[in-house]
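For reference, each letter of the sequence shown is one residue, going 2 to 331 in the numbering used here. For reference, the structure is listed below as structure tokens.
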Amino acid sequence: MGELALIEQIRRTFQGRSRGVSLGIGDDCAILRPPARHEILVTTDFSLENRHFRRDLHPPSSVGHRCLARGLSDLAAMGARPLAAFLSLALPGELLRTRKGQQWVAGFFDGLRHLAQQHSTPLAGGDTSESPSGLILADIILIGTAPQGRALRRSEARAGDALYVTGSLGGAHAELTALLAANRPSRAKVSQSHPHFFPQPRLAVGAALLQRRLATAAIDLSDGLSTDLTHLCESSHLRAEIDAAAIPLHPLARKLSASDALNAALNGGEDYELLFSAPAAKRIPSKIAGVPITRIGTLHAASAKKPRILLNRPGERPTELTPGGWQHFA
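Written out as structure tokens, the structure reads:
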């Protein structure tokens with residue numbers, strides 16, 4: 002399979018009409034048609050072999066799914082709706098010269114397409130290249146829209162706001178830990194619940210938070226609660242206090258020891274849930290778009306005498322919570 006055949010395979014896999022895409026795959030540029038009185042939001046994410054996935058362990062459909070989910074989760078955090086996706090993909094030459102390699106590529110696109118169809122996200126273009134490193138590199142760009150001046154930001158939280166998370170935390174870390182310990186290929190399927198292999202971006206929740214004016218600020222939990230809450234606090238110039246007992250743990254995390262489960266929830270990352278703030282007096286539903294919502298703490302005015310984040314545990318003195326999630330180059 003050469004580049005032209007690969008591009009034709011991609012075009013066939015993702016063919017279809019979209020109200021937001023006037024011209025998609027097949028020309029020098031795509032032409033997008035955003036809704037009137039909306040702003041354009043853009044996010045980009047790498048998926049790198051041996052950094053974000055293992056070809057020998059992860060199902061190819063999971064790699065494709067996760068590649069798109071990362072960008073969709075960013076849009077969800079700002080209350081945006083996806084308009085189009087663009088994928089730049091570098092593949093080792095030998096991958097396309099074997100039947101097994103071609104099946105891997107087809108599986109990758111099946112996983113990406115399945116999630117794209119779920120969230121009406123057309124693949125409108127991108128680029129392909131032979132990878133000089135022998136590793137797979139995928140760069141996904143997501144284009145979204147939100148009403149002018151309404152997109153949720155990290156910087157708009159206020160002192161006194163309550164802090165909430167969607168879903169449950171720690172499951173992705175627990176599943177990844179088990180995968181690496183077993184060191185054998187996973188047979189996980191998208192039809193099953195797998196927080197690491199097939200995370201579900203909370204687009205419907207983010208849109209509801211924006212449309213119903215429920216949230217003051219939001220961020221997606223990609224790097225871990227401790228790290229992403231730090232980002233939100235720094236952007237809004239606030240500090241936070243959170244209750245360890247209130248953090249909703251994923252069933253997979255609950256199988257770990259108490260300390261490991263809490264560490265998975267605080268620092269594990271890649272849960273792709275939403276962390277958001279809302280006025281304490283505002284009534285926040287226990288579920289939004291079918292997703293459980295849990296209050297985990299409160300925001301306060303920043304103080305030179307107090308840590309950025311305090312973690313409260315039953316029967317113990319509050320302790321400082323420092324960013325312990327993922328950080329490249331650390």
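From the three backbone atoms N, C-alpha and C, an ideal C-beta is built for every residue, glycine too. Note that this is a predicted model, so its numbers are computed, not measured.
Proximity of residue i and residue j at Cβ, strictly below 8 Å
i	j	result
Arg220	Ile297	Residue identity differs from the one stated: residue 220 is Ile in this sequence, not Arg. No. Outside cutoff.
Leu267	Gly225	yes
Ile144	Leu233	no
Ser304	Asp162	no
Phe15	Gly65	no
Leu257	Ser169	no
Leu76	Thr45	no
Pro308	Glu321	yes
Ala262	Gly171	yes
Ala85	Val22	yes
Ser156	Ala218	yes
Thr146	His39	yes
Ile243	Leu312	yes
His120	Leu73	yes
Leu96	Leu7	no
When the options are compared against residue i, the one with the closest alpha-carbon
i	options	result
Pro83	Ala205, Ala262, Leu230	Ala205
Leu88	Gly80, Arg114, Trp105	Arg114
Thr167	Pro186, Lys307, Ala78, His53	Ala78
Gly270	Pro200, Thr122, Gln104, Arg155	Pro200
Gly126	Glu9, Ser74, Leu116	Glu9
Leu210	Gly325, Gly326, Pro280	Pro280
Gly80	Ile11, Arg213, Ser62	Arg213
His174	Trp105, Glu235, Pro252	Pro252
Arg154	Ser236, Phe198, Arg98, Gly291	Ser236
Gly135	Asn51, His59, Glu176, Val191	Asn51
Phe54	Asn184, Asp244, Arg159	Asn184
Pro123	Ile243, Ala31, Glu4, Ala6	Ala31
Gly27	Arg13, Arg314, Gly102, Arg20	Arg13
Terminal residues of the beta strand (DSSP E) in which residue i lies
i	result
Glu131	124-131
Thr299	292-302
Val166	163-167
Arg82	82-92
Leu143	138-148
Ala218	218-221
Leu311	310-313
Cβ distance (whole Å) where residue i is taken to contact residue j below 8 Å
i	j	result
Ile141	Pro93	Rounded, the Cβ-Cβ distance is 19 Å, inconsistent with contact.
Gln310	Tyr165	Checking the displayed sequence, the identity of residue 310 turns out to be Ile instead of Gln. Actually they are not in contact, since the Cβ atoms of Ile310 and Tyr165 sit about 16 Å apart, beyond 8 Å.
Thr323	Ser227	7 Å
Leu239	Asp229	14 Å between Cβ atoms; not a contact.
Leu58	Pro202	Not a contact, Cβ separation roughly 23 Å.
Ser62	Gly112	3 Å
Endpoints, the alpha helix (DSSP H) within which residue i is located
i	result
Asp29	Premise fails: Asp29 is in no alpha helix (DSSP H) and is neither H nor E.
Arg13	4-14
Asn51	Run containing Asn51: none; DSSP gives neither H nor E here.
Leu226	226-237
Asn184	Here Asn184 belongs to no alpha helix (DSSP H), and DSSP marks it neither H nor E.
Asp261	259-268
Ser192	First-last for Ser192: undefined, no H or E at that position.
Asp272	Asp272 -> no alpha helix (DSSP H), and no H or E assigned at all.
Ala107	100-119
Practice problem: Determine, using beta-carbon pairs with one atom in the stretch 144-162 and one in the stretch 287-297, whether at least three such pairs fall under 8 Å. | Solution: no
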